[in-house]
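Trainee:
Numbering (the numbering used here), first residue to last: 311 to 439.
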């Protein structure tokens, strides 16, 4: 990218009315109206077949269950000390939800992405895969 193109990209990213992100497929960069992007993202999250809101009390219960799992596995000699260390839950960032535009489809729907990297369960998920 030329320096002029880089400057233009920086200016676009600073514009709060526009979202600049990679396309779902290919190496294209896509600019979307922020309100359109937010509406499409919210529509994905509102799909009760795919996502359901979790009450805070249930989320805390699930975290306590997940926290205890590596400890129980280690205590029963199912995993080694090293594996136990790698599966420990961290107290860092929340999982991140975003969408990548499918520019090859009509009306440019979004492909939902739930990024776990850096989230509390990342190490456990990585070990399980």
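We treat Cβ as the ideally placed atom computed from N, Cα and C, and that holds for glycine.
Would you report the Cα separation of residue 426 and residue 439, rounded to the nearest angstrom?
Mentor: Taking the straight line joining both Cα atoms gives about 13 Å.
Trainee: Could you tell me the alpha carbon to alpha carbon distance between residue 335 and residue 395, rounded to whole angstroms?
Mentor: Straight-line Cα distance between these residues: approximately 36 Å.
Trainee: Closest to residue 383 by CA distance: which of 345, 329, 370, 397 is it?
Mentor: It is 397.
Trainee: Keeping to the same chain, check which residues put their C-beta closer than 7 Å to that of residue 393; ignore five residues upstream and five downstream.
Mentor: Answer for residue 393: 437, listed in chain order.
Trainee: In chain order, what residues of the same chain lie with their CB nearer than 8 Å to the CB of residue 323, ignoring the 5 residues before and after it?
Mentor: The residues are 330.
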